[in-house]
Each structure stands twice: as C-alpha cells, then as structure tokens.
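Numbering (full-length UniProt numbering), first residue to last: 1 to 586. Don't be surprised by glycine CBs; every beta carbon is placed ideally from N, CA and C. Since we're looking at a predicted model, the values are computed, not measured. Inspection log for the structure reproduced underneath, given as structure tokens.
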C-alpha cells in the first residue's frame with residue numbers, strides 16, 4: 001500500500017507537495033491520510049484536507065478540491081480514482097464442505113504475540129485493529145521525529161554555510177555587498193567587528209580597512225598624507241622582533257608591487273582629483289580643511305591602499321554630486337572585496353552586487369542583486385511568509401477543533417493524541433519584521449506676509465580672501481522651496497550662514513520678517529551635540545519649559561522612543577544622532 005507521501009506525490013505532483021511543505025501543512029495532511037489508512041471515515045478526511053488544499057492554493061475552490069481528495073484516497077488505497085468511485089461487486093457466497101473450528105486456526109504462538117502487542121500498546125480489552133492502529137501511529141511518530149531532526153540539521157548546515165560565504169566568498173569572488181537597514185540595528189558594529197577579525201572564519205592575513213574617522217589635522221599636504229599611507233606600509237613595528245619585521249617586510253614588498261609604487265604619486269593625485277581636490281588643494285596642508293574634507297582624504301587613502309577588503313560606512317555623506325558619481329564609477333571597477341553601508345539607494349544600485357539586510361530581530365539576510373531587486377525580493381518574501389503563517393494558523397485551528405470535538409471520545413482517543421502531537425511538532429512560521437518607517441511632520445508655522453526673507457545684492461569674503469560670491473539677490477515667501485547646488489567649497493554653506501545671520505555680508509543686505517523663526521541642519525550637526533548627555537537631557541537643556549513626557553513623545557515620533565532617549569548620545573549610531581539633531585530644529 002502506498003505511503004501518504006507517495007499518494008500526495010502521485011496526485012498533486014512535486015510542485016503541489018512543495019507548496020504544501022512551504023505552507024507548513026504537508027506533514028499534517030500526511031497525518032490525516034494516515035488516519036484514513038487506519039480506519040477513519042473517508043468523508044472526515046476529505047472534509048479536513050479539502051479546505052487546506054484551497055487555503056494554500058493547490059485547489060482553486062472546494063469544488064476543485066473534492067476530486068483531488070477522492071484521488072488522494074484512491075491513491076492511498078492503491079486503486080485508481082475510477083475504481084474507487086465504482087460500486088464494489090457483490091461478494092461471492094461460498095459454502096463450507098465440512099465444519100471448521102476457527103479457534104484451532106490460531107496457534108499458541110500467535111496468541112502470545114497478540115497478547116504481547118496488546119500489553120505494550122494498550123488495554124487488554126483493546127481490539128487487534130486498535131492495537132495495529134496504535135502501532136502504526138507510533139511508527140509514524142518515530143519517523144516524523146527523525147524527519148524533524150534531519151530538517152534541523154539541514155537548517156544548521158545552511159546557517160553555517162551562509163556564515164562561511166560571508167567570510168570566504170568575498171575573498172575568492174571579489175564580492176561587492178551593500179548593507180541596508182534601519183538606524184541602530186548594528187550595521188556599523190558589524191563593520192567594526194569584521195575589521196577587527198572578530199568573526200570566525202576571517203583569515204588573519206586578510207587586510208581589512210574600515211574608514212571610521214577623518215585624517216588628523218596637520219602640516220602635511222593632502223597628497224603627502226595619501227602617499228604616507230604607502231610609507232606606513234613599509235614601516236616595520238620597532239617593538240616587533242627580527243623575525244616579525246622580516247615577515248612584515250616581505251608583506252610590504254608584495255603590497256608595493258601590487259600597487260606599483262613607482263606610479264604612486266600619479267595614482268594618488270588621480271584619486272584625490274576624483275574626490276574634488278584640484279592641484280592647489282592637494283598642495284595645501286590637511287589642517288586647512290574642514291572635517292568633511294579630511295574625511296575625503298581618509299577615503300582617498302583607503303582607495304589608494306587597495307586593501308583585500310574595503311569597508312565603507314556612509315561614504316557619500318561628505319561628497320558632492322560630482323564626487324559621488326566619480327566614486328560610483330571607480331568602485332564599479334573595484335576588483336577586490338567591498339562592503340558598503342549606505343542609505344543612498346542610487347549609489348547602492350550602481351555599486352553593489354548583493355545586499356545584506358540588517359533587520360530588527362538581529363538577523364542578517366543576503367539578497368542577490370542591487371537595492372531595487374532587494375526591495376522586490378523582500379516584498380515577495382514578506383507576502384510568501386504571511387501566506388505560510390495564515391495557512392499554518394488555519395491548520396492549527398482545524399486540529400484544535402478536532403481535539404476539542406473528540407477529546408472525550410474513546411473511539412477517537414488515538415486520533416486526538418495524534419493531533420496533539422502534530423501540533424506540538426509543528427514549527428511556527430516566524431514573522432519577518434518589517435523595517436519601521438519614520439513619518440513626521442513639521443509643526444505648521446504662523447502665516448507671515450511676503451517677503452519672508454529678502455537678500456539684496458549680497459557679497460561675502462573672508463578677511464584677506466577673494467569673494468566667495470557676489471550680487472546675490474533672492475526673495476522668499478511662505479511657499480518657497482529652494483535648493484542650493486554647486487561643487488564643494490563654492491560657498492553654499494557660507495551663504496546659508498549669511499542668510500541665518502551667523503555671518504554678516506561684506507556687501508548688500510539681508511532682511512528677515514519680524515516673526516520669522518529659522519532652523520538649520522548642518523552637515524556637521526553631530527559636532528553641535530554634547531555626546532555626554534542623553535537625548536532627553538539635551539532637550540531639557542535647550543527647552544527647559546518642556547515637560548519630560550512631551551519631550552519623549554517628540555523624540556518617539558522621530559524613532560527615538562523607549563530606552564534610546566535615555567542612552568548617552570555617544571552610544572547612538574550616526575543615523576540616530578542625526579535624528580536627535582533634526583528633532584531639535586522641529
């Protein structure tokens with residue numbers, strides 16, 4: 001007689017059975033079919049299996065499910081559906097030629113075997129059919145436990161293989177991955193651990209470079225600072241013993257050959273030019289640049305060294321449009337491993353080949369393709385997971401209904417126990433957490449008559465420097481939406497400071513409405529925060545009249561609820577610090 005699994009494959013095919021397994025109801029349907037082979041009424045089994053086939057999409061509706069159920073039962077009994085539907089022929093009556101003592105046909109050994117099985121499997125008054133049924137159920141339970149163990153082993157092997165791929169495949173295949181996810185889920189921490197070789201499987205000899213901070217301010221020129229990275233490779237550690245220095249020197253020579261040290265100045269200059277440093281800027285000391293420009297120098301050094309694994313954390317934050325476009329093109333030809341954490345969708349689409357999604361439930365899931373493909377794949381995964389959860393919930397409800405209905409029935413006791421065990425074995429389909437979306441609104445301002453702001457023939461220059469801009473004329477009203485564009489260093493931020501009043505124009509005038517209130521989100525907003533305070537404490541200092549509950553509600557609307565508002569801001573991620581600064585101007 002075919003097994004329930006074989007009957008399912010014969011009737012629904014591999015695709016249909018795979019759909020049942022993905023929905024988490026395949027084993028439960030096998031249990032129902034096993035009950036049918038053990039004597040449960042066919043109509044009861046069909047009434048249970050049919051709705052499940054409809055729920056998971058194997059059958060379009062109940063009408064389509066009925067013939068499938070009939071075919072399943074027929075396949076299970078080893079007959080065709082037509083034969084199952086045809087009326088059974090009348091049994092042929094035969095007469096005995098002589099009287100027969102039926103009890104004599106049962107040998108003493110057979111009686112002893114039946115008694116032992118009855119003793120092991122149930123009460124002494126239990127029928128042979130019931131004993132056989134209980135024996136089959138015990139065998140099924142044993143097989144299902146073995147299947148569960150094999151499935152768990154396979155899952156563990158997949159997890160181990162995934163972690164091996166994260167650490168091994170990038171080195172072999174010149175992998176380019178992008179990290180995505182909400183603020184505070186651990187993207188930067190992951191990069192720090194990876195750069196420190198704190199993950200199992202990361203080879204000790206692998207050169208991993210993580211850009212965490214800007215180059216220090218100093219008298220060395222920008223070009224010299226980048227080239228000094230090359231010299232740093234050649235400096236052996238004075239504290240190391242001779243053997244270590246010799247080994248280190250061999251590594252340095254190999255590295256210098258790889259990066260072609262003879263052409264180093266030209267390569268360094270080309271990288272700096274791509275990041276916005278002209279010849280005059282490359283000859284200036286790093287101490288004359290702002291923090292944002294020194295971050296560019298740090299990025300140039302990393303690109304110049306060309307490590308085995310380059311880790312970039314929000315590399316576009318301090319770049320203008322031209323530098324971002326250049327970096328995209330440069331990284332597209334990067335022939336080593338690259339891991340980028342960024343919220344810039346277009347940048348990820350052009351640079352990476354895989355996405356590592358960091359979710360709030362402390363999981364990292366890898367998706368093939370760029371960011372747009374990741375969003376499509378993740379949406380499909382969310383829909384499929386929700387369908388599996390719904391199908392499993394319906395299966396649980398059906399089993400619980402059966403248990404409640406026949407719990408007190410002696411004839412159905414074995415089946416009730418089978419349902420209870422099946423429910424206990426059923427693995428819950430875990431919910432995939434969606435990334436929380438941040439929705440906020442600026443408080444509506446009081447109406448102000450035009451012009452709200454008027455800039456007339458404004459020019460500005462720093463003492464002893466040429467004018468950054470001149471003849472600037474601008475008028476703004478309540479409905480104005482203005483963007484300032486241009487290369488770095490052209491004077492955009494300076495113009496904003498003049499408009500706000502932080503700087504006085506060298507020539508011209510700026511007129512502001514009497515009731516005008518202005519807020520400014522600076523590109524160096526983190527420098528304005530006292531990181532030794534919590535977000536709540538910072539707000540209480542800035543707005544002493546505000547109540548703590550009001551402040552926490554405001555921070556919560558910016559995604560800084562719960563204990564996050566009570567953490568020292570030094571422990572917050574870069575994105576969370578940005579939210580604090582943004583919340584302050586609202």
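Among the options, the one whose alpha carbon lies nearest that of residue i
i: residue 350; options: 551, 370, 359; result: 370
i: residue 456; options: 537, 482, 507; result: 507
i: residue 280; options: 222, 423, 502; result: 222
i: residue 416; options: 399, 12, 364, 429; result: 399
i: residue 224; options: 205, 422, 272; result: 272
i: residue 335; options: 306, 327, 326, 314; result: 306
i: residue 323; options: 412, 499, 487, 201; result: 487
i: residue 651; options: 379, 555, 354; result: In the structure as shown, the chain begins at 1 and stops at 586. Residue 651 is therefore absent and cannot be evaluated.
i: residue 530; options: 200, 578, 205; result: 578
i: residue 428; options: 395, 286, 442, 465; result: 395
i: residue 76; options: 210, 9, 553; result: 9
i: residue 57; options: 390, 187, 344; result: 390
i: residue 468; options: 452, 474, 477, 498; result: 498
i: residue 424; options: 472, 392, 441; result: 392
i: residue 461; options: 290, 474, 492; result: 492
i: residue 287; options: 320, 217, 338; result: 217
i: residue 341; options: 315, 330, 329; result: 315
i: residue 568; options: 476, 449, 543, 538; result: 538
i: residue 522; options: 502, 422, 385; result: 502
i: residue 339; options: 208, 46, 228; result: 208
i: residue 24; options: 386, 2, 282; result: 386
i: residue 512; options: 477, 544, 532, 55; result: 477
i: residue 454; options: 410, 514, 443, 489; result: 514
Burial state of residue i (16 or more Cβ within 10 Å)
i: residue 61; result: exposed
i: residue 358; result: buried
i: residue 27; result: buried
i: residue 277; result: buried
i: residue 33; result: buried
i: residue 581; result: buried
i: residue 485; result: exposed
i: residue 566; result: exposed
i: residue 4; result: buried
i: residue 576; result: buried
i: residue 570; result: exposed
i: residue 294; result: buried
i: residue 30; result: buried
i: residue 332; result: exposed
i: residue 80; result: Unreliable positioning characterises residue 80 in this predicted model, as indicated by a pLDDT of 46, which lies under 50. The coordinate reading is nonetheless provided below. Exposed, since its Cβ has fewer than 16 Cβ neighbours within 10 Å.
i: residue 584; result: buried
i: residue 376; result: exposed
i: residue 572; result: buried
i: residue 196; result: exposed
i: residue 200; result: exposed
i: residue 50; result: buried
i: residue 367; result: buried
i: residue 586; result: exposed
i: residue 238; result: Summary for residue 238: the model assigns pLDDT 41, below 50, so the residue's position carries little reliability, and this model does not support an answer.
i: residue 379; result: exposed
i: residue 559; result: buried
i: residue 505; result: buried
i: residue 301; result: buried
i: residue 321; result: exposed
i: residue 7; result: buried
i: residue 282; result: buried
i: residue 471; result: exposed
According to DSSP, residues forming a beta bridge with residue i
i: residue 367; result: 355
i: residue 549; result: In the DSSP output, where bridge partners are listed per residue, residue 549 has none listed.
i: residue 564; result: None; residue 564 has no bridge partner.
i: residue 208; result: 309
i: residue 188; result: DSSP output for residue 188 lists no bridge partner at all.
i: residue 221; result: 285
i: residue 534; result: 568
Contact test: residue i Cβ vs the ligand GTP heavy atom, cutoff 8 Å
i: residue 482; result: In the structure shown, the ligand GTP is absent, as is every other ligand, since no ligand is present at all.
Below-9 Å beta-carbon distance, residue i vs any chain C residue
i: residue 227; result: Checking the listed chains, one finds no chain C in this structure; it contains a single protein chain.
- request: Mind the definition here: the region 479-489 touches the region 507-522 only if three or more C-beta pairs lie below 8 Å; say whether that holds.
  value: no
message: Just to confirm the assignment: which complete alpha helix (DSSP H) runs, minimum length 4, are found wholly within the region 271-345?
response: 279-282, 291-305, 321-332
task: Would you be able to state if there are at least three C-beta pairs under 8 Å between the region 51-70 and the region 14-22?
output: yes
query: Is the region 307-326 in contact with the region 188-202, if contact means three or more CB pairs nearer than 8 Å?
result: yes
query: Residue ranges of each alpha helix (DSSP H) run of no fewer than 4 residues wholly in the region 435-515, ordered along the chain?
result: 492-500
- prompt: Between the region 544-559 and the region 402-410, do three or more beta carbon pairs fall short of 8 Å?
  reply: no
message: Does the contact criterion of 3 or more C-beta pairs under 8 Å hold for the region 372-388 versus the region 417-424?
response: no
- prompt: In chain order, which alpha helix (DSSP H) runs of at least 4 residues are fully inside the region 51-82?
  reply: 62-77
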